[in-house]
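As structure tokens, the structure follows; a few thoughts come after it.
Number of protein chains: 2
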Amino acid sequence: MSPEEFRLAGHELIDWIADYRQRIPDLPVRAQVQPGEVRRALPDEPPQSIDSFATVLADLERTIVPGVTQVQHPMHFGWFPSNASLASVLGDIACSGMGTLGISWESCPALTELEEVVCDWLRQLTGLSDQWHGTIHDTASTACVVALILARERASQFSKNGPGLQGLPAPLVVYSTAQAHSSIAKAVQVAGLGNDNLRMIAEDPDTRAMLPAALQEAITQDLHNGRTPAAIVCSVGATGTTAMDPVQAIADIANEHGIWLHVDAAMAGSAMLLPECRHLWAGVEQADSIAWNPHKWMGTILDTALFYVKDVEHLERVMSTNPAYLRSTADGEVTQYRDWGIPLGRRFRALKLWFHLRLDGLEAIQTRLRRDLDNARWLQNQVEQTEGWQVVAPVSLQTVCVRHTPRTKNGSPLTGDELDRYTLGWVEAINASGAAFLSPSVLDERWMVRVSIGVEGTTREHVEQLWALMRHASSTQSISL
Amino acid sequence: MSPEEFRLAGHELIDWIADYRQRIPDLPVRAQVQPGEVRRALPDEPPQSIDSFATVLADLERTIVPGVTQVQHPMHFGWFPSNASLASVLGDIACSGMGTLGISWESCPALTELEEVVCDWLRQLTGLSDQWHGTIHDTASTACVVALILARERASQFSKNGPGLQGLPAPLVVYSTAQAHSSIAKAVQVAGLGNDNLRMIAEDPDTRAMLPAALQEAITQDLHNGRTPAAIVCSVGATGTTAMDPVQAIADIANEHGIWLHVDAAMAGSAMLLPECRHLWAGVEQADSIAWNPHKWMGTILDTALFYVKDVEHLERVMSTNPAYLRSTADGEVTQYRDWGIPLGRRFRALKLWFHLRLDGLEAIQTRLRRDLDNARWLQNQVEQTEGWQVVAPVSLQTVCVRHTPRTKNGSPLTGDELDRYTLGWVEAINASGAAFLSPSVLDERWMVRVSIGVEGTTREHVEQLWALMRHASSTQSISL
């Protein structure tokens, strides 16, 4: 395709995207397709001839759009917000259009240096000191794998350069909680450490936060048993209930024992753009690594996961490769981001953050975040004041975890598996309708419903609509007994 | 930013991209900036107010463009081609514009099912049987990490669910060659296996291909020493010289011993779109996993790395997580790509391949690949027929590895460190001029120069120009003695 053909098609596509974004509020939130429906609408065999751009765009509309769950929909309250602000989309389009390649500084100096600059801007905007140095990963899951590898190599005196984990006298152990994101357990497995060496530390039953005393006890126990405590993963805004582990107390323990402390603030990092929220990760300066995702609540389009470390020398020593075909005269004077993560090649992701911060600006982003915090408090109040409804976890940010407990015919509250079926029933009724979307999750072995507020377009009015939908769906849900 | 503001800015950006792509041939190939130059042109502190789109676009032009090494330039012959065809760019723009989220089938059914379909199309187009199932990773580096984890878990009976590598009686061993991509050694380290357990198998001194007899011997030796051969990484188009390991012979050995065989065809996978090239990976059907990058020679924009496995059950058993907050009624009926790799969240990458195949089409891609193969053969002939020039490795695809060996004053050929300085001197003269770009690399402990042909816009004329530049640069390079 020539640049002139691209120009024509590109203009059509921009109009299509602008129209699409405008009509998202009219689309069902959850895709209304059945498993296999999109696949069956597509040819089994690859195309034998080429199509016009108009044909492809028509297929995008007809085949793909109905299969999209609209996470940009103002009535989307599922998982965590996954905002894709149009300002950041422009930066992503610039990235695609330029077709750059990041495999070394030399392959695109601007890609490396803008990434350094925007990571440093975000460091400043979240109140971190200048001892932190950042990069952009695809997701916080990948960042966690890197963090655990950094911990593993520090605790094992660079076992990677020798026998690996296979030659260690004392097994390395990782500490986290059951509230932590699934990527933590996965990272433990990826890094070769094994489930047996992941300790799920007890949580405070009210806040769901890690109990420092229980952490200290587990470490003592492991040391006593000849194991080597290697890493603690501390969640700031854990996925289930946005639980906040006490960073300061955990950091004190980590520092005392020389254990690597990784702070997973994938969701809550965005909140640190608000000075009034920074107390939530007090102590973070004593950690060894931090990950958080502008591609969640802040709204820089996926994939934009920030990863900060203090000890860059250690990072590069662990993750670097220096093949002959990538050497250049600039080596030693520049950052080689290939030595900061797993993939060699990288896209020009920094443009998304650059465009987002310059076109939308910090103030607008902060205003939106505060709006969402207010809306969550409003919903929390509504739920707390309504008979039969409970807020089941502290509302530390913008996610409200709720349960409705109706009374059975004999007047006692519904419990057990019946309550689970009832909960899943009313939330599925809402999700299936397409009018709104919520994700159920499990707490204390029972289903509850997470209302995660924070889509760019979600106003108080939408939260009010949702609350009405929730009351209606639950009141019409039959109670199976 | 509202959709209407996006529409206006988007049209400007599309025009900018189209113009940019048109003028790439007039830009220097290698960025002419010094280390730190781009960074110093950017503010140290984050923006305090917002800018107009025109201002940001002007900064993109003024600050970023001079810092871009133009890998889409027709005179770019460095590393491997990193084509970003404009047809695939449109697919990437659609991905960004829609702002979808892939964390489960339910979060975007179309994202999952289109990925299944295009991976299957590419399977067919590269002549693979229907026992292969594919997904898209960011890079072949990441795919290799996953492959080694799959191998590790098969060989260790799912040690991840127990003590990890830390409890294995016999160390697991990986086999590859020194020609293999740097990501192989890195993946061995990431997976916790350790350098001591990576065997660099001897190569044929002419073809640089792995010697099956040497592989067999190393395996026998390791078994004798109580170690467990776990994985073989076989390169089809290794990075240094595009060496082709003999897949069939290696697969026979792998199968005999039940060793996981990963075929790294990151570069050469594109060649398999040409039926006449498929003999180069004969035996591939017996492998356990394959990775190749449409984002290289084929030209689907980065990041598009395909990863195929046969045993999906094993893959999912190793890589899956099933947190409560991601469960849905579709579980069990659909593919959950989060269980096929490391990151949880994924972009709608399949759109790039879909647009590329439908708008450019297979035939045009095949024609271009054949053009590049012809151009490489032409250059090889020129080099071979010219006094003082040598082709130093077999030209198996589109990369020609060359060296020029001038004579010293006393008539003997330049050797040793002087030859290295001379080689690096003339190639740096070309690269510094901005007229063309080549990457030097090391072969037999001496520098040589890789001419990797295959940028979308590179015609015979450009290769002729390059050859003239190479002769001129070498002839004017002083010989230090």
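For the protein sequence lines, the chains are A and B, in the order given. First residue of the first sequence: 1113, per our numbering; consecutive thereafter. First residue of the second sequence: 1113, per our numbering; consecutive thereafter. Virtual Cβ for every residue (Gly too), placed ideally from N, Cα, C.
{"Item": "Rounded C-alpha distance that separates R1174 (chain B) from L1154 (chain B)", "Value": "11 Å"}
{"Item": "Beta-carbon neighbours of C1220 (chain B), restricted to chain A and to distances below 9 Å", "Value": "A1143, G1179, V1180, T1181, V1183"}
{"Item": "Residues that DSSP places opposite D1376 (chain A) in a beta bridge", "Value": "A:S1347, A:A1403"}
{"Item": "Y1437 (chain B) and T1351 (chain A) closer than 8 Å at C-beta", "Value": "yes"}
{"Item": "Short CB-CB distance (under 8 Å) between D1308 (chain B) and chain A", "Value": "yes"}
{"Item": "Span of the beta strand (DSSP E), counted from its first residue to its last, around P1511 (chain B)", "Value": "Note on residue identity: the sequence assigns Thr, not Pro, to residue 1511 (chain B). Here the beta strand (DSSP E) through T1511 (chain B) covers 1511–1516."}
{"Item": "Supposed close pair L1373 (chain A), A1399 (chain A) - CB separation, criterion 8 Å", "Value": "4 Å"}
{"Item": "C-beta contact flag for A1121 (chain A) and L1456 (chain B) at 8 Å", "Value": "no"}
{"Item": "L1418 (chain A) and G1370 (chain A) closer than 8 Å at C-beta", "Value": "no"}
{"Item": "Residue environment, D1138 (chain B), which counts as buried when at least 16 other CB atoms sit within 10 Å", "Value": "exposed"}
{"Item": "Contact set between M1312 (chain A) and chain B, taken where Cβ atoms lie within less than 7 Å", "Value": "By Cβ distance, chain B contributes nothing, its closest Cβ being about 13 Å from M1312 (chain A), past 7 Å."}
{"Item": "Short CB-CB distance (under 8 Å) between S1295 (chain A) and chain B", "Value": "yes"}
{"Item": "Which residues DSSP lists as bridging Y1287 (chain A), in chain order", "Value": "A:R1311, A:I1344"}
{"Item": "Backbone CA spacing between Q1502 (chain A) and M1410 (chain A) [nearest angstrom]", "Value": "28 Å"}
{"Item": "Chain B contact for Y1420 (chain A) (CB, 8 Å cutoff)", "Value": "no"}
{"Item": "Beta-carbon spacing of L1284 (chain B), L1305 (chain B) below 8 Å", "Value": "yes"}
{"Item": "Integer Cβ distance of L1323 (chain A) from I1331 (chain A), believed to fall under 8 Å", "Value": "Their Cβ separation, rounded to whole angstroms, is 13 Å, which puts L1323 (chain A) and I1331 (chain A) out of contact at 8 Å."}
{"Item": "Sheet register partners of I1248 (chain A) (DSSP bridge)", "Value": "A:L1418"}
{"Item": "Nearest neighbour of P1341 (chain B), chosen from B:L1260, B:F1165, B:V1396 [CA to CA]", "Value": "B:L1260"}
{"Item": "Backbone CA spacing between D1486 (chain B) and Q1497 (chain B) [nearest angstrom]", "Value": "17 Å"}
{"Item": "Cut-off 8 Å between Cβ atoms - residues of its own chain near D1532 (chain B), not counting five sequence neighbours on either side", "Value": "R1558, W1559"}
{"Item": "Residue environment, R1152 (chain A), which counts as buried when at least 16 other CB atoms sit within 10 Å", "Value": "exposed"}
{"Item": "Under 7 Å by beta carbon: chain A residues contacting Y1437 (chain B)", "Value": "W1191, T1351, G1352, S1551, S1553, R1562"}
{"Item": "DSSP-derived helix/strand/coil call for S1551 (chain B)", "Value": "strand"}
{"Item": "Test item: CB-CB of A1199 (chain A) and V1180 (chain B) under 8 Å", "Value": "no"}
{"Item": "Classification of H1391 (chain A) by the beta-carbon crowding that lies within 10 angstroms, buried from 16 upward", "Value": "exposed"}
{"Item": "Contacting residues, own chain, Cβ-Cβ under 6 Å from G1528 (chain A) (five flanking each side not counted)", "Value": "none"}
{"Item": "Inter-residue spacing [alpha-carbon to alpha-carbon] between D1127 (chain A) and S1288 (chain A)", "Value": "47 Å"}
{"Item": "Proximal chain B residues relative to W1393 (chain A), where beta-carbon distance stays under 9 Å", "Value": "Neighbours of W1393 (chain A) on chain B: none; closest Cβ ~19 Å, over 9 Å."}
{"Item": "Reduced DSSP category for Q1492 (chain A) - H, G, I as helix; E, B as strand; rest coil", "Value": "helix"}
{"Item": "Selection from B:N1405, B:I1136, B:W1244, B:R1266 that minimises the alpha carbon distance to A1252 (chain B)", "Value": "B:N1405"}
{"Item": "Own chain residues within Cβ distance below 6 Å of N1307 (chain B), not counting five before or after", "Value": "none"}
{"Item": "Proximal residues to V1145 (chain B) (C-beta, below 7 Å), its chain only, five neighbours per side dropped", "Value": "P1178, G1179"}
{"Item": "C1525 (chain A), DSSP secondary structure in three states", "Value": "It should be pointed out that residue 1525 (chain A) corresponds to Pro in this sequence rather than to Cys. The answer is strand: DSSP assigns P1525 (chain A) an E or B state."}
{"Item": "Chain B within 8 Å of A1598 (chain A), Cβ atoms only", "Value": "Within the shown structure, residues of chain A are numbered from 1113 to 1593, placing residue 1598 (chain A) beyond reach of any answer."}
{"Item": "Contact list for T1254 (chain A) against chain B, beta-carbon separation under 8 Å", "Value": "I1454, P1455"}
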